[in-house]
Amino acid sequence: MIKLKESVEKLQAYFVNDLPYKVKLDANEGSNYLLKDGFKIDNFKANLYPDSDSKILREKMSKYYKCKAENIMVGNGSSELINTIINAYCEKGEKVMSFIPSFSMYQTYCDLCGAEYVGVETEMDFSQNIDKLIDEAKKENPKIVIVCNPNNPTGYVTPKEDLVKLLDNVQNSLIIIDEAYADFSEISVIDLINKYENLLVMRTLSKAFGLAGLRVGAVIANEKTIKYIWKVKVPYNLNILSQYAAEQALDNIDKVKDYTNRVKKLRQSLKDSLEELNFTVYPSGGNFLFVKSPVDNLFENLMEQGVLIREFRYDEVYNRITIATEEENKILLEEIGKLIG
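In this text, residue positions in the sequence shown follow the numbering used here: the first is 97, and each later residue adds one.
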């Protein structure tokens, strides 16, 4: 067998567990509320390539994100765009820095292109010390610094003033703020893209819009930076169906606001209920909770009952639980109650 390149050979293939379930709370997916009845397509021409520039979609995104269409480049989820940017900027051996734990794919994307991933440990309570990150960046001189805000999987929200501090103190690195869950936290730095040339903000329609199956994401930056990184955008990268559906979803922003407000209330309710069951629940600005369970093998025990959550093993075992509907949260709590007895 002809071997893969050295930086890829050591990687493990990413497979999603296809498990039977009655409640799925393991992937931070949003509810199916915007396009549950389908969507309308006028003058559909499947024989033609999609608009490579996604002009209409970018115009509609610009209204939601309060910037210009020229500040936006779209792709197949924000993950594809992060991968593209790391590959575009990093030569072999150059460094990418982020807090750990954080989104695991950052390191995978570094491995794919031979970049070195440098993880800065969070505090014991999973808070992210921005001064520590700044100090390490000055020592290591990374090509890219990534802050996931709110952080996945811990839910921690880095205050905006800390992000400004990072931007003011680390000016020789590309700063990526991954705002995949920002719709649930109300903290964003999109308004700073014209102040900081090295700032890239990642957004997605997978979470708050409940459109993970469409794979629609965006990178938002000042016009000069967007034009520069457009060099590496794959032509026709976002298919015509995803563009159509996303455009129609963006015509219903009032529903998105209602949904994110509902998730916040359900998040607080679930947090209160889990704490009553002696769970340690960490503060979260996402559509999920990061918890430490008083029940051994919570992941396996719930899976046997058709309730899927996500397990993380660091110094101890933790779980991440997606905020679902009121009915699904009730099923989760009932099953946990049975385990506690």
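Backbone N, C-alpha and C define an ideal beta-carbon position, used for all residues, glycine too.
Just so we're clear, the structure is a prediction, and the values are computed from it rather than from any experiment.
Check whether the region 392-405 touches the region 427-436, taking contact to mean three or more Cβ pairs, one atom from each stretch, closer than 8 Å. yes
If you scan the region 373-398 from start to end, which runs of the beta strand (DSSP E) of 3 or more residues do you find wholly inside it? 376-378, 384-388
As a quick exercise: from E105, I427, E275, pick the residue whose alpha carbon is nearest that of S175. E275
Identity of the residues DSSP links to Y213 by a beta bridge: V192
When you compare each of I336, V119, V359, I98 to N139 by their alpha carbons, which one comes out closest? I336
Could you tell me which of E166, A211, K159, R299 sits nearest to I182, measuring between CA atoms? A211
Which one of A341, T218, Y160, G402 has the shortest CA to CA distance from D133? A341
Given 8 Å, three or more beta-carbon pairs between the region 190-198 and the region 234-252: yes
Assuming contact is defined by CB atoms lying nearer than 7 Å, are I417 and L121 in contact in what I supplied? yes
By the three-class DSSP mapping on this structure, what secondary structure does N247 have? coil
If you follow the alpha helix (DSSP H) that M97 is part of, which residue opens it and which one closes it? Run containing M97: none; DSSP gives neither H nor E here.
Sequence ranges, beta strand (DSSP E) only - wholly within the region 114-148, length at least 3: none
Using a threshold of 6 Å, is the CB atom of K120 nearer than that to any non-hydrogen atom of the ligand NAP? Absence of the ligand NAP is noted for the structure shown, with no ligands found whatsoever.
Buried versus exposed call for Y503 [16 or more other C-beta atoms within 10 Å across all chains shown]: The question about residue 503 has no answer here: the residues shown for the chain are numbered 97 through 437.
Starting from L153 and walking both ways along the alpha helix (DSSP H), at which residues does that stretch end? 151-161
Taking 8 Å as the cut-off, does the region 321-330 touch the region 251-261 (at least 3 CB pairs, one atom from each stretch)? no
Need the endpoints of the alpha helix (DSSP H) that D221 sits in, please. Element bounds for D221: n/a, residue is neither H nor E.
What residues are listed by DSSP as bridge partners for G313? G171, T300
Could you please give the first and the last residue of the uninterrupted beta strand (DSSP E) stretch that includes D274? 270-274
Go to N265, then tell me how far its beta strand (DSSP E) extends in each direction, as first and last residue. That residue, N265, is in no beta strand (DSSP E); its alpha helix (DSSP H) goes 256-265.
Neighbourhood of K351 by C-beta, 8 Å cutoff - its chain only, sequence neighbours within 5 removed: Y129, L130
So the candidates are S148, Y332, I286; which of them puts its Cα closest to the Cα of N318? I286
Closest by CA to L263, which one among I283, N294, D279? N294
Whole angstroms are fine: how far does the CA of Y185 sit from the CA of G126? 32 Å
Pairwise C-alpha distance: L346 and K156: 6 Å
State the Cα-Cα distance for the pair T218 and F384, rounded to the nearest angstrom. 19 Å
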